[in-house]
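Visitor: Here it is, the structure, as structure tokens.
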Amino acid sequence: RRGAAVAVEHAGATLAYAQLFGAARDIARQLAGRGVGKGDVVAVALPRGTDAVTALLGVLLSGAAYCPLDPGAPADRTARLLADAAPALVLTTGDRAAGFAGHPVLTPAETAREPVTAGPPSAPGLTDLAYVLHTSGSTGRPKGVAVGHAALAHFVAAATHRYGLRREDRVLQFAPLHFDASVEEIFLTLCAGATLVVRTDDMTDSVPDFLAACARLRVSVLDLPTAYWHELAHAVSTGAATLPEGVRTVVIGGEAALPERVARWRAAVGTLVTLLNTYGPTEATVVATVADLSAPGLAAGEVPIGLPLPGTRAAVVDGELYLLGPTLADGYRGELPDGARFAPLRALADAPRAYRTGDLVRIGEDGQLRHLGRADAEFKISGHRVQPAEVENALLTCPGIREAAVAGQILPDGTRRLVAQVVAEPPAPTAAEIRAHLRARLPAAMVPSAVEVVDRLPRTGSGKIDRAALTGPPARRATAGGSPLERTVTGVWRRLLGTDAVAVDDDVFDLGAQSLQVIQAANRLGVALGRDVKVAWLFQHPTAVGLARFLTEAEADTDSAPERPRPAPAVAARTALPSDAGLDPDIRPGARRPPRDAPRRILLTGATGFVGAHLLARLLADTDAEIVCTVRAADVPEATARVHAALVRHGITPGERAAARLTALPADLARPGLGLPGETLSDLAATTDAIFHNAATVSILRDYATLRAANTESTRQLLRLAAVGTTPLHYVSTLSVAPPAGHLPEVPEEFLPFHAGLRYGYQQSKWASERLLEQAAERGLPVTVHRLGRVVGPAATGYVNERDFLWSVLRAGIPERIVPELFEDEVWTPVDLVARSLVHLCLRQYDDTEAGQVFHHATLPRVRLADVYDWVREYGYPVRVLPLANWRERLPRAAEAAAMTLAFFDSAAAGADGRGGATDLRLGHVRADRVRAGLAGGGITCPPVDRDLFFRYLDHCVTTGALPAPSR
Numbered sequence: 020r021r022g023a024a025v026a027v028e029h030a031g032a033t034l035a036y037a038q039l040f041g042a043a044r045d046i047a048r049q050l051a052g053r054g055v056g057k058g059d060v061v062a063v064a065l066p067r068g069t070d071a072v073t074a075l076l077g078v079l080l081s082g083a084a085y086c087p088l089d090p091g092a093p094a095d096r097t098a099r100l101l102a103d104a105a106p107a108l109v110l111t112t113g114d115r116a117a118g119f120a121g122h123p124v125l126t127p128a129e130t131a132r133e134p135v136t137a138g139p140p141s142a143p144g145l146t147d148l149a150y151v152l153h154t155s156g157s158t159g160r161p162k163g164v165a166v167g168h169a170a171l172a173h174f175v176a177a178a179t180h181r182y183g184l185r186r187e188d189r190v191l192q193f194a195p196l197h198f199d200a201s202v203e204e205i206f207l208t209l210c211a212g213a214t215l216v217v218r219t220d221d222m223t224d225s226v227p228d229f230l231a232a233c234a235r236l237r238v239s240v241l242d243l244p245t246a247y248w249h250e251l252a253h254a255v256s257t258g259a260a261t262l263p264e265g266v267r268t269v270v271i272g273g274e275a276a277l278p279e280r281v282a283r284w285r286a287a288v289g290t291l292v293t294l295l296n297t298y299g300p301t302e303a304t305v306v307a308t309v310a311d312l313s314a315p316g317l318a319a320g321e322v323p324i325g326l327p328l329p330g331t332r333a334a335v336v337d338g339e340l341y342l343l344g345p346t347l348a349d350g351y352r353g354e355l356p357d358g359a360r361f362a363p364l365r366a367l368a369d370a371p372r373a374y375r376t377g378d379l380v381r382i383g384e385d386g387q388l389r390h391l392g393r394a395d396a397e398f399k400i401s402g403h404r405v406q407p408a409e410v411e412n413a414l415l416t417c418p419g420i421r422e423a424a425v426a427g428q429i430l431p432d433g434t435r436r437l438v439a440q441v442v443a444e445p446p447a448p449t450a451a452e453i454r455a456h457l458r459a460r461l462p463a464a465m466v467p468s469a470v471e472v473v474d475r476l477p478r479t480g481s482g483k484i485d486r487a488a489l490t491g492p493p494a495r496r497a498t499a500g501g502s503p504l505e506r507t508v509t510g511v512w513r514r515l516l517g518t519d520a521v522a523v524d525d526d527v528f529d530l531g532a533q534s535l536q537v538i539q540a541a542n543r544l545g546v547a548l549g550r551d552v553k554v555a556w557l558f559q560h561p562t563a564v565g566l567a568r569f570l571t572e573a574e575a576d577t578d579s580a581p582e583r584p585r586p587a588p589a590v591a592a593r594t595a596l597p598s599d600a601g602l603d604p605d606i607r608p609g610a611r612r613p614p615r616d617a618p619r620r621i622l623l624t625g626a627t628g629f630v631g632a633h634l635l636a637r638l639l640a641d642t643d644a645e646i647v648c649t650v651r652a653a654d655v656p657e658a659t660a661r662v663h664a665a666l667v668r669h670g671i672t673p674g675e676r677a678a679a680r681l682t683a684l685p686a687d688l689a690r691p692g693l694g695l696p697g698e699t700l701s702d703l704a705a706t707t708d709a710i711f712h713n714a715a716t717v718s719i720l721r722d723y724a725t726l727r728a729a730n731t732e733s734t735r736q737l738l739r740l741a742a743v744g745t746t747p748l749h750y751v752s753t754l755s756v757a758p759p760a761g762h763l764p765e766v767p768e769e770f771l772p773f774h775a776g777l778r779y780g781y782q783q784s785k786w787a788s789e790r791l792l793e794q795a796a797e798r799g800l801p802v803t804v805h806r807l808g809r810v811v812g813p814a815a816t817g818y819v820n821e822r823d824f825l826w827s828v829l830r831a832g833i834p835e836r837i838v839p840e841l842f843e844d845e846v847w848t849p850v851d852l853v854a855r856s857l858v859h860l861c862l863r864q865y866d867d868t869e870a871g872q873v874f875h876h877a878t879l880p881r882v883r884l885a886d887v888y889d890w891v892r893e894y895g896y897p898v899r900v901l902p903l904a905n906w907r908e909r910l911p912r913a914a915e916a917a918a919m920t921l922a923f924f925d926s927a928a929a930g931a932d933g934r935g936g937a938t939d940l941r942l943g944h945v946r947a948d949r950v951r952a953g954l955a956g957g958g959i960t961c962p963p964v965d966r967d968l969f970f971r972y973l974d975h976c977v978t979t980g981a982l983p984a985p986s987r
């Protein structure tokens with residue numbers, strides 16, 4: 020009955036319930052065909068997304084149990100978890116398969132590609148194992164908690180009822196799979212018939228960004244770790260962020276909620292949004308008790324953990340909480356001493372099986388439980404249950420360390436952290452070296468924030484470790500005062516790290532800052548400064564002096580030129596691009612439609628731009644197809660007006676019959692799903708015969724992060740659309756993705772690997788798109804790539820694209836009679852030749868496109884910059900050529916025409932990677948054999964760009980006022 024409803028949504032992609040369960044059944048049969056079934060465990064190492072949800076369901080349908088692994092965990096820890104779980108198979112992505120040597124591996128791509136030969140597996144029973152989840156162990160090794168189907172079924176039924184989930188809800192999946200909160204998010208949502216909205220990593224760049232994304236995604240139920248909710252509550256209560264109106268329920272859990280944050284939340288949000296505080300160990304299947312913190316009668320300062328879920332029982336014996344009932348786990352994998360926690364509770368008459376939690380509680384007058392602390396040394400941080408023994412064991416593997424002690428500490432503002440003291444042989448390792456050693460073995464949350472090398476560990480009179488002494492006041496040292504902004508930054512970090520020993524030039528990660536603390540710091544700085552502070556900025560600028568400088572410069576940039584971000588650092592690109600350029604495994608050729616002699620419907624992006632308008636004109640002239648143009652507009656009339664205005668601006672006047680075949684479609688390529696309704700996307704996928712993807716945000720200044728959505732993710736989404744019907748997709752790219760001549764003397768007509776020459780955001784975004792297309796071609800999707808050089812105006816009109824970089828240079832320099840040394844020569848192609856050639860090549864055999872062909876539209880002789888400057892002089896502008904550095908210094912910075920050009924060269928002079936370096940704009944010999952062969956005999960020719968044509972360009976600039984009239 021819910022087959023057509025959306026079950027899962029992630030990054031613009033959706034899966035209906037029928038699609039989800041169909042794909043899950045296929046995985047189950049693939050597993051069965053490999054001999055995997057009841058009694059087996061399948062390790063799942065996948066990031067959040069549709070593949071992950073499908074994989075979990077597929078494993079469960081096979082009768083096996085799943086064991087989630089953190090794809091980014093240290094190899095040493097992953098090996099220990101694999102040894103404990105003993106999986107029959109590992110489900111992971113192809114790029115991570117090598118990390119599971121010695122284990123059979125299945126990837127989502129293989130499950131989609133390989134035929135299903137096995138019959139349906141046996142359905143799991145209530146006594147079968149559902150999943151294995153690892154927690155920290157007091158013995159120093161992780162514990163695998165085994166949860167059965169009966170416990171999972173009872174929990175899902177009880178929690179769905181208690182939370183009041185409805186099929187109309189859109190529930191955010193915040194947690195990764197290896198956190199048991201994901202069990203709650205995924206299975207409650209799907210069993211309620213609601214929609215699971217999987218968050219993307221960039222949603223948590225800042226709390227305002229997160230809530231804005233939730234509003235865009237129409238999220239109605241938030242399921243958050245308490246630590247993150249603390250920051251959200253702080254931001255909402257101070258007015259730094261606004262809770263979306265559509266949110267009706269917020270579920271928190273993972274650690275104790277701070278009374279101060281609860282009070283702030285209630286004052287800001289009131290009681291209309293239900294706030295559920297949940298408590299429960301993994302051993303009792305995610306959640307055991309729930310308290311409604313939005314209830315009107317809640318006493319000030321009270322934060323109960325509530326009452327047991329229906330079917331769950333709780334007992335308090337000598338102040339310690341025991342849990343009973345059908346949601347208890349089966350126990351631990353292997354023979355572990357901690358197994359004694361599951362035992363008959365003889366304090367009750369029938370001695371039922373119970374789980375001893377180790378949590379100290381009291382029962383309030385209202386019957387609700389209040390959490391008081393721990394009966395042992397276990398500590399919760401960032402949603403992790405941490406046993407100090409496991410961290411101590413890891414510390415003892417560090418060379419030179421003889422003794423180690425670890426304890427949890429709660430700072431006055433509620434921040435939680437781990438502290439460690441070690442005794443080491445001289446020369447003792449530094450705290451940073453010790454943390455680096457631990458990061459290779461433990462999850463980030465289990466690495467102590469404070470590490471101190473001491474002569475001896477603090478002990479009690481009986482010789483035991485004095486853990487209270489470990490968390491005593493930290494040592495202080497004098498710190499530099501710095502500017503007011505620097506003091507604000509260090510003040511936030513001192514409070515979060517629990518130490519005054521934070522100087523303005525300290526790297527906070529060397530001092531033990533963790534990812535959650537970075538989120539907290541960004542939020543608190545945003546509140547203190549009254550502006551949005553991105554999490555990424557704190558990673559990029561980990562010292563107070565560096566961050567203060569960046570914030571000051573960014574604010575100055577915003578005041579003077581809102582569209583003036585800096586070029587993306589090469590280091591950041593090397594980490595962002597490989598992950599961004601991985602094509603989703605489910606984007607594969609679908610059912611090909613019956614062949615046609617000519618396209619009937621063509622989708623064109625970027626029709627309002629310089630190249631796009633000429634492509635549109637050529638498509639209207641050379642085909643009888645309907646041309647659907649995506650346009651960023653509020654409605655169809657505005658979109659239509661924008662397309663026609665672009666045609667007029669470029670001197671293009673299609674006839675009435677041709678214009679009748681033009682359809683303008685309001686869209687936003689930077690948004691998920693191209694900003695289109697699902698039914699529109701489905702219609703395009705079913706009826707489009709060819710896609711021309713020409714749209715891009717072209718900027719010499721913006722970094723990759725700000726161009727990613729419009730330039731790279733739009734390509735991914737169009738590939739997803741094209742895959743449905745195996746529709747040809749023709750991509751307009753740039754020759755600037757190629758390395759400079761010094762690194763590549765000849766540019767081949769083929770895809771290019773990542774290289775150090777990709778220094779700026781626009782280049783990086785186009786390269787990432789090409790990498791997606793390369794993978795699509797490898798899978799059999801009919802895609803072509805058309806790289807363009809400098810596209811200049813048509814010979815007939817002499818029109819000049821004044822946004823072009825070189826024309827910006829000329830417009831800035833000619834009035835001052837100076838021009839810069841830039842490059843020796845360039846590929847120049849008139850836009851009308853580009854449009855005619857591209858359309859001819861794409862449509863000559865449009866329904867039999869060879870996948871993965873790369874075309875270089877560089878058939879004309881290259882234009883020498885020296886000739887261009889000679890033509891400028893001959894036209895009447897007496898310009899002098901200066902070295903770039905001198906030209907930059909001589910150009911008036913107040914000149915409007917020079918602003919963007921100078922901003923680019925200022926950034927280039929500093930170096931995109933921050934180390935400085937020259938701007939190398941030269942390309943080697945560009946091969947164009949494929950274009951020449953494709954145009955042979957087609958009658959498509961064009962004279963080279965020469966003095967006469969360049970004079971027409973200058974005439975156009977004078978006529979439009981872009982340049983002053985020469986004095987000749």
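By our numbering, the letter at position 514 of the sequence shown is numbered 533, and the numbering carries on one by one without gaps.
A virtual CB, placed ideally from N, CA and C, is assigned to each residue, including glycine.
As the structure is a computational prediction, the values presented were derived from the model and not from experiment.
(1) Mind checking which residues open and close the alpha helix (DSSP H) that includes Ile46?
(2) How big is the Cα-Cα spacing for Leu726 and Ala573?
(3) With distances taken from CA atoms, which of Val819, Gly338, Glu869, Arg883 is nearest Ala844?
(4) With C-beta atoms as the reference, is His875 less than 8 Å away from Arg946?
(5) DSSP three-state label for Gly183, please.
(6) Can the beta-carbon of Val60 be found less than 8 Å from the beta-carbon of Ala104?
(7) Determine, using beta carbons only, whether Gly377 and Phe361 come nearer to each other than 8 Å.
(8) Give the straight-line distance between the Cα atoms of Leu771 and Pro764, rounded to the nearest whole angstrom.
(9) Find the nearest neighbour of Glu339 within the set Pro345, Val811, Ala394, judged by alpha-carbon distance.
(10) Give the DSSP-derived three-state secondary structure of Asp89 in the structure shown.
(11) Which word fits Gln291, buried or exposed, when buried means at least 16 other C-beta atoms lie within 10 angstroms of its C-beta?
(12) Quick check: Leu293 and Phe174, are their CB atoms within less than 8 Å of each other?
(13) Val650: which of Val442, Pro345, Asn713, Arg676 sits nearest, CA to CA?
(14) If we ignore side chains and look at the alpha-carbon of each, how far apart do Ala276 and Pro87 end up?
(15) Does the distance from the CB of Thr816 to the CB of Gly670 come in under 8 Å?
(16) Measure the beta-carbon distance from Asp411 to Ala424 and round it to whole angstroms, keeping in mind my assumption that it falls under 8 Å.
(17) What residues in its chain sit with their C-beta under 7 Å from that of Ala592, if we drop five residues either side in the sequence?
(18) Tell me the residue span of the beta strand (DSSP E) that contains Val164.
(19) Let's see if you can read the secondary structure: which residues bound the beta strand (DSSP E) around Pro214?
(20) Comparing C-alpha positions only, which one of Leu700, Ala213, Ser788 sits nearest to Ala715?
(21) The alpha helix (DSSP H) spanning Phe970 covers which residue range?
(22) DSSP on Ala232, reduced to helix/strand/coil?
(23) Give the straight-line distance between the Cα atoms of Ala439 and Val470, rounded to the nearest whole angstrom.
(24) First and last residue of the alpha helix (DSSP H) that includes Arg907?
(25) For the putative contact between Ala541 and Ser733, defined by C-beta atoms under 8 Å, what is the C-beta separation to the nearest angstrom?
(26) Kindly examine the ligand PLP and report whether one of its heavy atoms sits closer than 7 Å to the Cβ of Leu771.
(27) Under the three-state reduction of DSSP, which class applies to Pro407: helix, strand or coil?
(28) Are the beta-carbon atoms of Asn296 and Gly330 separated by less than 8 Å?
(29) Pop quiz: Gly692 and Gln736 are said to be a contact at Cβ under 8 Å. What is the actual Cβ separation, rounded to whole angstroms?
(30) Quick one: any contact between the region 187 to 197 and the region 501 to 517, if contact means 3 or more CB pairs under 8 Å?
(31) For Glu250, does the count of other Cβ atoms within 10 angstroms reach 16, so buried, or fall short, so exposed?
(32) Under three-state DSSP, which class holds Ala26?
(33) Jot down the residue ranges of each uninterrupted alpha helix (DSSP H) in the region 348 to 400, minimum 4 residues, whole runs only, in chain order.
Guide: On the basis of the supplied data:
(1) Where Ile46 is concerned, the enclosing alpha helix (DSSP H) stretches over 36 to 52.
(2) The straight-line gap from Cα to Cα measures roughly 18 Å.
(3) Per the sequence presented here, residue 844 reads as Asp, with Ala not at that position. Considering only alpha carbons, the answer is Arg883.
(4) With respect to Arg946, His875 sits close: the two C-beta atoms are nearer than 8 Å.
(5) Gly183 falls in the coil class under three-state DSSP.
(6) Yes, the Cβ-Cβ distance between Val60 and Ala104 is below 8 Å.
(7) Cβ atoms of Gly377 and Phe361: not closer than 8 Å.
(8) Each residue's CA atom was taken as its position, placing Leu771 and Pro764 some 14 Å apart.
(9) Check the Cα spacing between Glu339 and each of Pro345, Val811, Ala394: the tightest is with Ala394.
(10) Coil at Asp89, not helix or strand.
(11) Note that residue 291 is Leu in the sequence shown here, rather than Gln. When all chains shown are included, Leu291 counts as exposed.
(12) Residue 293 is actually Thr in this sequence, not Leu. No, Cβ-Cβ distance for Thr293 and Phe174 is not below 8 Å.
(13) Val650 has its Cα closest to that of Asn713, out of Val442, Pro345, Asn713, Arg676.
(14) Those two C-alpha atoms are separated by around 27 Å.
(15) In this structure, Thr816 places its C-beta atom within 8 Å of the C-beta atom of Gly670.
(16) Sequence inspection shows Glu at residue 411; the Asp mentioned does not correspond to that position. Contact holds; Cβ gap of about 7 Å.
(17) With a pLDDT of only 46 at Ala592, under 50, the local geometry of the prediction cannot be trusted, and the value read off the model is given with reservation. Here the set comprises Tyr723, Leu777, Gln783.
(18) First-last of the beta strand (DSSP E) with Val164: 162 to 167.
(19) Per the sequence shown, the amino acid found at residue 214 is Thr instead of Pro. Thr214 -> beta strand (DSSP E) spans 214 to 217.
(20) Comparing Cα positions, the closest option is Ser788.
(21) Residues 966 to 979.
(22) Collapsing the DSSP output to three states places Ala232 in a helix.
(23) Going by the C-alpha atoms only, they are around 5 Å apart.
(24) Counting along the chain, Arg907 sits inside the alpha helix (DSSP H) bounded by residues 903 to 909.
(25) 28 Å between Cβ atoms; not a contact.
(26) As presented, the structure is devoid of all ligands, the ligand PLP included, so that no description of it is given.
(27) DSSP places Pro407 in helix when its eight states are reduced to three.
(28) Not a contact, by the Cβ cut-off of 8 Å.
(29) Contact flag correct, Cβ pair sits at about 7 Å.
(30) Between the region 187 to 197 and the region 501 to 517, the count of Cβ pairs shorter than 8 Å is below three; the stretches do not touch.
(31) Counting Cβ neighbours within 10 Å, Glu250 comes out buried, since at least 16 surround it.
(32) It is a strand residue.
(33) Listed in chain order, the alpha helix (DSSP H) runs fully inside the region 348 to 400 amount to none, counting runs of at least 4 residues.
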